[in-house]
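K.L.:
Mind looking over this structure? Questions follow.
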Amino acid sequence: MGVGTFFTSRLDAAIGWARKYSIFQYPFITACCGMEYMAVACSHYDIDRFGAGLPRFSPRQADVLFVVGTISHKMAPVLKRVYDQMTEPKWVVAFGVCTCTGGFYNNYATVQGIDTIIPVDVYIPGCPPRPESVIDGLMKLQDRIAAQVQRF
Amino acid sequence: MDGAAILERVRARFGPGVVDTHDHHGDHTAVVTRDVLLSVLAWCRDEPALAFDMLTDLTAVDYLQYPGREDGPRFEVVYQLYSVPHNHRLRVKVRVEEDAAVVPSAVALWPIANWLEREVWDMFGVRFQGHPDPRRLLMYEEFVGHPLRKDYPIDRRQPLIGPGT
Amino acid sequence: MAEPTRREFVLGEGGGTGGGSQNLLVGLGPSHPAMHGIIRIAAELDGETIVRADVEIGYLHRAFEKDCEVGGWNNAIPYTDRLNYVSPLINNFGYCAAVEKLLGIEVTERCKYIRVIMSEISRVCDHLTCIGATAMELGAFTAFLYMIKAREYLWELVEDVTGARLTISYGRVGGVKADLPDGLAGKARNAFKETREVLDEVHRLLTGNRIFVDRMVGIGALTREETIAYAITGPMLRAVGVPYDVRRARPYDVYDRLEWVIPTQQDGDNYARYLVRIAEMEQSMRIVEQALAMIPGGPINVDAEGRPIDPAAYVDRGKQGKTEGLLLVPITLSPNLEGQARAELARVSVGDKRVVLPPKANTYGSIEGLMNHFMLIMDGYGIRPPQGEAYVPVEGANGELGFYVVSDGSDRPYRVRCRPPCLPPMAALHRMIEGEMVADLVPTFGSVNMIGGELDR
Ligand code: SF4
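Each protein sequence line maps, in turn, to chains G, U and H. Using my numbering, the first residue of the first sequence is number 1, and each one after it goes up by one. Using my numbering, the first residue of the second sequence is number 1001, and each one after it goes up by one. Using my numbering, the first residue of the third sequence is number 2001, and each one after it goes up by one.
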């Protein structure tokens, strides 16, 4: 528990409120879930409504890491490195069951859940998750951001 | 040309170099010895009546646990050939033992063989003699073993970072 | 960390060894938006020109081929979905066709039409995504949004039929999971109308657009000989003027009964590939429209005599021993099982007990059905193709998608090999980008339409 969660102040609440609507995400897209991510990001489902419309492809400029798709052992060091390069405060969303637990790829090549490598704030299960559940996950993330809960 | 005629010509040209031929399910297949493999492939590509100008696929099968073939040659390297001008297909196979798992490389014939042979080396541990760039294709260099071999357990993980390193 | 080597650069100078300039080695990716997240290119640059490029793949290797060997023959189908996840239906049907060849069975007429219809819808989705993504990477974000909108209409069709948007697992060895829902033809008509509008808009936005044309024409070109030597198939081969299409060269399902043409171009550059893909989408929609008009087997449930009863009452009747004629009583199934009633299932799958699961009405209502279901599902039973091997190519969205399956006569595949259509173009990528500018890498990479699941498996 960070100090911030303990001494909740008005300033904290204000910062949390402001941050919650300015999510700059880094989409770490590897696999099939990326197709559903595209669908969510485009006009039909439109995550811009939640202030998360602008992806940043530089970890230094992003504050939410969307890990979208299977992470293999070959990819794991890259993911860790991108996470380390992000500046704080930062949050991580595990998009799809592959990132949550390894999904149905229980084999030599696949990392069994990215939380074995980096801390995760919101898990969105589904293979791939439907856009509706992604939006639900995004709202849960916003709640965490507003409450200034961080796990890095 | 239909498959049976192709097989006939291959047999006539290479005689004892052709170990076996069959046409199961309509896929015409010639099993050849390692010594003639390259000349068979080159001839298939260059003979105008055959003109197999495309190496559609190159892969291998590990026959370690196949009923009836447990002690035969362990690996079979499979070439799927296709001819764009003639629209016909041929499968060429070569069998190799585990302790001499080396096959001459076909990179000089078809450049696509470069990556496909790297994949077979990566997954099965069959080496290709004369390959210009014998690295793994899919796995990382730190990986030990060849995952598609039948004796590699599917859940033996070799992570680079995180638990289990 | 070791002391970094010092390099001297002379501004404005390139292409020479004199003047102290030196080539620069740049690693692009794997986490790079233009590399679609999973490719690494180590490029040696002279100024802005790529002198040498080394393409590294494997970041999405998920052991597809090993996973297939672990479960039963039908269990591999969900894994095939995730090969080319933009057009998963084609993968499903390709794999099923290979196993059916091993078993020596032929699917029903209606099923063939369904496979054609669904494959072509997938192909349109795939080309839409490919062109949309390429355009977006060149800055044409609008085209991307339009095309994803069109894809959304098609995905709604797919969802209607299969129950899922993306990972659909709709194919089955010996048929498909369920029959088509009512009213699909009308919905398809609407969806195609929207798609055609989008294509028309995109055509007006892109095809003559100066920026787009300048960045596509003459970029990333391959010659005809090299394309064939690298075993590249699909739109990229047709873009060099070779009209090779598996649907024509070795017609499967009902492609030989439908009317369509193979669009080709001559130049082999990115622009030619773009034109081929655009033209192919129209052909695919044409195929679907014809197939929907020709599909045999009229509307569903015409043969129901007497009132349908619900499954619980049906089971009760069986328990009371009133089994006479029970197998003929029509029952209504829960909507989750739509399309799996007897009449529908009989139309779309072969009546072969060794291969196809019985209709749910039989599974829940009769001991034979239940036994049959168990015999196919239980570990150690299931489908058992005779020993042998088979290779079946189908035309995937990116080219020839082949499945080479080997059976040892047991209930598990001995070996499943997928011939990925986008591996050859990736193997030839360095030939397309060497000698061109770094910025040209982006449209070239886009026009290759690399799909990670299929490339790395
Ligand atoms: S969760 Fe499913 S859809 Fe997402 S990447 Fe994994 S396998 Fe693909």
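Cβ atoms here follow ideal geometry from the backbone N, Cα and C, with glycine treated the same way. Predicted, not measured: the structure shown is a model, and the values here were computed from it.
So, for ILE1006 (chain U): in the same chain, excluding its five sequence neighbours on each side, which residues have a beta-carbon less than 7 Å away from its beta-carbon?
P.N.:
These residues qualify, in order along the chain: HIS1028, LEU1050, HIS1088 and LEU1090.
K.L.:
Please report whether the beta-carbon of ARG2052 (chain H) lies at a distance below 8 Å from any beta-carbon of chain U.
P.N.:
It does not; no Cβ of chain U falls within 8 Å.
K.L.:
Is it buried or exposed, ILE2090 (chain H), if we count other Cβ atoms within 10 angstroms and call 16 or more buried?
P.N.:
It is buried - the Cβ of ILE2090 (chain H) has at least 16 other Cβ atoms within 10 Å.
K.L.:
Mind checking whether the beta-carbon of THR70 (chain G) lies closer than 7 Å to any heavy atom of ligand 1?
P.N.:
Within the cutoff, so yes.
K.L.:
So which residues of chain G does GLU2152 (chain H) contact, with C-beta pairs closer than 7 Å?
P.N.:
Going along chain G in sequence order, the residues near GLU2152 (chain H) (Cβ under 7 Å) are ALA39 and HIS44.
K.L.:
Of all Cβ atoms in chain H, is any one closer than 8 Å to the Cβ of ALA146 (chain G)?
P.N.:
False, the Cβ-Cβ gap to chain H never drops below 8 Å.
K.L.:
What are the boundary residues of the alpha helix (DSSP H) that includes SER2407 (chain H)?
P.N.:
Element bounds for SER2407 (chain H): not the alpha helix (DSSP H) but the beta strand (DSSP E), 2399-2407.
K.L.:
Does any residue of chain H have a CB that is nearer than 8 Å to the CB of MET1001 (chain U)?
P.N.:
Output row for MET1001 (chain U): interface = no.
K.L.:
Strictly under 8 Å for the Cβ-Cβ distance: is GLU2468 (chain H) near chain U by that measure?
P.N.:
No statement about residue 2468 (chain H) is possible, as the shown extent of chain H runs from 2001 to 2457 and does not include it.
K.L.:
If you measure from the CB of GLY103 (chain G), is any heavy atom of ligand 1 nearer than 7 Å?
P.N.:
Flag set: Cβ of GLY103 (chain G) near ligand 1.
K.L.:
If you measure beta-carbon to beta-carbon, which residues of the stretch 2372-2393 of chain H are closer than 7 Å to chain U?
P.N.:
From the stretch 2372-2393 of chain H, only GLY2388, GLU2389, ALA2390 and TYR2391 have a Cβ closer than 7 Å to chain U.
K.L.:
How many angstroms separate the CA atom of PRO2421 (chain H) from the CA atom of ARG2204 (chain H)?
P.N.:
C-alpha separation (whole angstroms): 30 Å.
K.L.:
Alpha carbon to alpha carbon, what distance is there between GLU2159 (chain H) and LEU1038 (chain U)?
P.N.:
One C-alpha to the other measures close to 49 Å.
K.L.:
Enumerate in chain order the residues of its own chain whose CB-to-CB distance from TRP2155 (chain H) is below 6 Å, with the five nearest sequence positions on each side excluded.
P.N.:
ARG2165, listed in sequence order.
K.L.:
Of the residues that make up the stretch 1079-1104 of chain U, which ones have a beta carbon closer than 9 Å to any beta carbon in chain H?
P.N.:
Taking 9 Å as the Cβ-Cβ cut-off against chain H, the residues of the stretch 1079-1104 of chain U that qualify are GLN1080, TYR1082, VAL1084, ASN1087, ARG1089 and ARG1091.
K.L.:
Between H:ALA2239, H:GLN2290 and H:ILE2168, which has its C-alpha nearest ARG2277 (chain H)'s C-alpha?
P.N.:
Among H:ALA2239, H:GLN2290 and H:ILE2168, the Cα nearest to that of ARG2277 (chain H) belongs to H:ALA2239.
K.L.:
Is any heavy atom of ligand 1 found at a distance shorter than 7 Å from the C-beta of CYS2418 (chain H)?
P.N.:
No, ligand 1 has no heavy atom inside 7 Å of this Cβ.
K.L.:
So if DSSP puts PHE57 (chain G) in a beta bridge, which residue, or which two residues, is it bridged to?
P.N.:
PHE57 (chain G) is not bridged to any residue.
K.L.:
Assuming ARG1045 (chain U) contacts ASP1053 (chain U) under a Cβ cut-off of 8 Å, what Cβ separation, rounded to an integer in Å, is found between them?
P.N.:
With 8 Å as the limit, ARG1045 (chain U) and ASP1053 (chain U) qualify as a contact, their Cβ atoms being about 6 Å apart.
K.L.:
Would GLY2174 (chain H) count as contacting chain U if we go by Cβ distances under 8 Å?
P.N.:
No, no contact with chain U.
K.L.:
Using 8 Å as the threshold, is the C-beta distance between MET2216 (chain H) and PRO2443 (chain H) below it?
P.N.:
The answer is yes: Cβ separation under 8 Å.
K.L.:
Taking all protein chains shown into account, decide if GLY2298 (chain H) is buried (16 or more other Cβ within 10 angstroms of its Cβ) or exposed.
P.N.:
Legend: pLDDT at GLY2298 (chain H) = 36, less than 50; position of this residue unreliable, no value from coordinates given.
K.L.:
Out of curiosity, what's the CA-to-CA distance linking TRP1110 (chain U) and ALA2221 (chain H)?
P.N.:
In a straight line, the C-alpha of TRP1110 (chain U) is about 19 Å away from that of ALA2221 (chain H).
K.L.:
Could you tell me the alpha carbon to alpha carbon distance between VAL111 (chain G) and GLN2283 (chain H), rounded to whole angstroms?
P.N.:
Answer to the nearest angstrom: the Cα atoms are 41 Å apart.
K.L.:
Spatial neighbours of ALA39 (chain G) within its chain, please: C-beta separation below 7 Å, excluding the five flanking residues on both sides.
P.N.:
Result list for ALA39 (chain G): TYR45 and PRO131, in chain order.
K.L.:
Enumerate, from N- to C-terminal direction, the unbroken beta strand (DSSP E) stretches of 3 or more residues contained entirely within the stretch 1111-1138 of chain U.
P.N.:
Fully enclosed beta strand (DSSP E) runs of 3 or longer: 1127-1129.
K.L.:
According to DSSP, which residues form a beta bridge with GLU2389 (chain H)?
P.N.:
Its beta-bridge partners are H:VAL2406.
K.L.:
SER2410 (chain H) to ARG2384 (chain H), Cα distance in whole Å?
P.N.:
Distance between the alpha carbons of SER2410 (chain H) and ARG2384 (chain H) is about 5 Å.
K.L.:
Run through chain G and tell me which residues come within less than 9 Å of PRO2425 (chain H), C-beta to C-beta.
P.N.:
Result: empty, since nearest Cβ-Cβ is about 19 Å, beyond 9 Å.
K.L.:
Could you pull the DSSP bridge partners for MET1054 (chain U) from this structure?
P.N.:
Its beta-bridge partners are U:TYR1082.
K.L.:
Any idea what DSSP makes of TYR2252 (chain H), helix, strand or coil?
P.N.:
Of the three classes helix, strand and coil, the one that applies to TYR2252 (chain H) here is coil, per DSSP.
K.L.:
Let me know the alpha helix (DSSP H) ranges lying completely inside the stretch 76-116 of chain G, each 4 residues or longer, listed in chain order.
P.N.:
Segments of the alpha helix (DSSP H) lying fully in the stretch 76-116 of chain G: 76-85 and 97-101.
K.L.:
For the stretch 1049-1065 of chain U, which residues have a CB atom closer than 7 Å to at least one CB atom of chain H, in sequence order?
P.N.:
From the stretch 1049-1065 of chain U, only ASP1053, MET1054, LEU1055, THR1056, ASP1057, THR1059 and VAL1061 have a Cβ closer than 7 Å to chain H.
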